[in-house]
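Let me begin by presenting the structure, written as structure tokens, before commenting on it.
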């Protein structure tokens, strides 16, 4: 039986060519031609203040945690329904995690629950734009402003997705918080295998971001001729990726419009054809609030209960279709259960048990998608 | 004028082919076929306990710092004459750095000075095998054993280099300490652009190393069928590199013998032809102790003073040859000067001011090397 995988990395055709070029140009370590091209493209296209490619979204989040000065005892508010890296980046700096519940209508953080979680130790809010769907950034930025908190957008899934503010302005996700982190892992819309990026929007962090990125040295200043030698001036790590990774990414960015069109077309067909079936079975399709655009990162279903999800996953599997569930709530994980304050997070638990993701990638054929849809709606 | 660069990354010819293969196999994120091939090759070839590729040597050192449980207040003994990452990895976990001086006869840590630096807070010793030349590991492991300390070998420059112990055994550098970190940065003998590896020799760390590598999850156990679901069980980060990076590295490892032969031949010619001139000018050539083999990572000269070095660097530069100095001592860096305990480290200062590195890479031609040597010995 022909198997339909959950994900298949899409190649535009130019990846190997650009990697070849990077290799034979002889500049293989980071911060070279392709790194600069990608960073400038992101700044110009989405209005990010300053971009720095990283080896992963995890690393970008770690840079953010260092930049906002997380110290042991500081508290960070984040959703429990997220990837471990959202949490680890802050735990590594000694933060105490304060987990917020998800919304009833979508897995994103329940914005209305945030304010009650703030204490004098709170330092940051980390909204995760789940499935590329915007959190209500006006609400979150307003809270942050009133309490003097930093906002780090976990935009791992949110490339080419926008937030339309109360004032009508349309801003790219990742351009609104003080800092934002993106992922180019092979499961994302735009990929480089492993890879990520930090977007710095609060420019007070721009110089230090570059230093931390360069292992705590002022090497970049040195090469711009701003200082006469470079040395160790701060903490830091080796956050920058090889040029071959940036070269790969560049081939993807050149084709982002085509990639996004195709994904949106697949996503829309799912929603259209599954609409009746989902209502009849009390299964929720992705909900987009008015202020959010759709980047077609993910097609998820929210089942009524765990049994229904298990049955669906098994039915798909029996037909050679690999659908998958997603996060296991972090507040009840082996690592954090004892450190969590005991609050129950009902919606988080529900998404952990009931959310299911369908295959959703550029190279999914019409026939394959038809098969997936038919297996679902025909219940055979 | 034809310029001779300080370094030129060497390509074996198969890098692009293997990267192509990785790309078109469709497995681009980490921990795939090429990652496994490289890791197994290292374990088999050098007798490391367990190997995990990382995105940089920095990341491997950070993994080591997490694994040995560095906590705020713990002290780590390391040379001051080293790259910032040796230090940053431990600073990021809250360690206090205790800087040791270098030896008189070579830039490696003065083994005889270590014991006096130990306090009840000391947790680890981090010897750096500068220029791929072994530190006296019997001495260091004996101290560590008597005081219950961990040894993390910074083997960034030390691939294919060995230590011959008092018992006559010949062991690869990186296989002796509890943990070791390697670099495949484009300036190293074996490269992948940016890249590194953690070698775990004390197998008590093996399982946790894999978890930390996989972002604090037991995902690897899950894929081996040891647990029925995976979740967040520990701190961690995204330390693993893309498969394209591992594919690049594999092409290099296949050719390590040829690469090493060529480098040793270049290195030996330098030493032979510069011998008389260096003695006459009171300039030291690399010193190899009896217990160390030579991996020809670096050809360094130690001048009499800063003036002599500056004059040599300028003379080479005027002839289109890019020679460079190396580390600026960490204990007197802007970042750590105030935190250092004030001890003067005379040898460290001397190497900071007097050490000079000559171009030393696979593709350096006979003619180029002759020119470099002639510019030095003819003093014109």
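Chains as they are written, first to last, in our numbering: chain A, 16 to 395; chain B, 16 to 395. The beta-carbon is built from N, C-alpha and C at its ideal position, and this holds for glycine as well. These numbers were taken from a predicted model, which means no experiment stands behind them.
Query	Result
Pairwise C-alpha distance: residue 37 of chain B and residue 305 of chain B	43 Å
Beta strand (DSSP E) segment containing residue 195 of chain B, residue limits	194–198
Counted within 10 angstroms of its Cβ, other Cβ atoms place residue 163 of chain B as buried (16 or more) or exposed	exposed
Test item: CB-CB of residue 113 of chain A and residue 91 of chain A under 9 Å	yes
Segments assigned alpha helix (DSSP H), at least 4 residues, entirely inside the segment 300–339 of chain A	321–333
Counted within 10 angstroms of its Cβ, other Cβ atoms place residue 39 of chain B as buried (16 or more) or exposed	exposed
Interface residues of the segment 83–106 of chain A facing chain B [CB-CB below 9 Å]	87, 98, 99, 100, 102, 103, 104 and 106
Closest Cα partner of residue 279 of chain A within the set A:260, A:130, A:295 and A:310	A:310
9 Å Cβ cutoff met for residue 208 of chain A and residue 235 of chain B	no
Nearest-angstrom Cβ-Cβ length linking residue 122 of chain B and residue 370 of chain B, presumed shorter than 8 Å	7 Å
Any chain B beta carbon closer than 9 Å to residue 200 of chain A	yes
Inter-stretch contact at 8 Å, needing at least 3 Cβ pairs: the segment 331–347 of chain B / the segment 287–304 of chain B	no
Contact list for residue 177 of chain A against chain B, beta-carbon separation under 7 Å	Within 7 Å Cβ-Cβ: nothing; residue 177 of chain A doesn't reach chain B, min ~27 Å.
Backbone CA spacing between residue 41 of chain B and residue 23 of chain A [nearest angstrom]	7 Å
Residue 181 of chain A: contacting residues in chain B (beta-carbon distance under 9 Å)	Under the 9 Å cutoff, chain B gives no residues; its nearest Cβ is about 36 Å from residue 181 of chain A.
Bounding residues of the beta strand (DSSP E) (the contiguous stretch that carries residue 212 of chain A)	211–215
Residue 211 of chain A burial status per 10 Å Cβ neighbour count (16 or more: buried)	buried
8 Å Cβ cut-off: residues of chain A touching residue 73 of chain B	230, 252 and 253
Expected contact under 8 Å - CB spacing of residue 126 of chain B and residue 155 of chain B to nearest Å	6 Å
Sufficient close CB pairs (3 or more, under 8 Å) joining the segment 313–333 of chain B to the segment 349–363 of chain B	no
Chain B contact residues for residue 23 of chain A, given Cβ-Cβ distances below 9 Å	41
Nearest-angstrom Cα separation, counted from residue 56 of chain A out to residue 268 of chain A	8 Å
Proximal chain B residues relative to residue 343 of chain A, where beta-carbon distance stays under 9 Å	244, 245, 246 and 247
Within chain B, partners of residue 45 of chain A - CB distance below 7 Å	209
9 Å Cβ cutoff, residue 327 of chain B in contact with chain A	no
Short-range partners of chain B found in the segment 333–367 of chain A, where Cβ spacing is below 8 Å	343, 345, 348, 349, 350 and 351
Contact set for residue 297 of chain B: own chain, Cβ-Cβ below 7 Å, skip 5 residues either direction	319
Of the listed residues A:32, A:256, A:233 and A:61, nearest to residue 199 of chain A (C-alpha basis)	A:256
N- and C-terminal bounds of the beta strand (DSSP E) containing residue 96 of chain A	Premise fails: residue 96 of chain A is in no beta strand (DSSP E) and is neither H nor E.
Residue 66 of chain A in three-state terms, based on DSSP	strand
Interface positions of the segment 262–282 of chain B facing chain A (Cβ-Cβ less than 8 Å), listed along the chain	263
Interface partners of residue 374 of chain A on chain B, CB under 7 Å	Under the 7 Å cutoff, chain B gives no residues; its nearest Cβ is about 14 Å from residue 374 of chain A.
For residue 206 of chain A, the three-state DSSP class (helix, strand or coil)	coil
Per-residue DSSP class, three states only, for residue 379 of chain A	coil
is_contact[residue 109 of chain B, chain A] using C-beta, thresh 9 Å	yes
8 Å CB neighbourhood of residue 58 of chain A in its chain, flanking five on each side removed	64, 65 and 66
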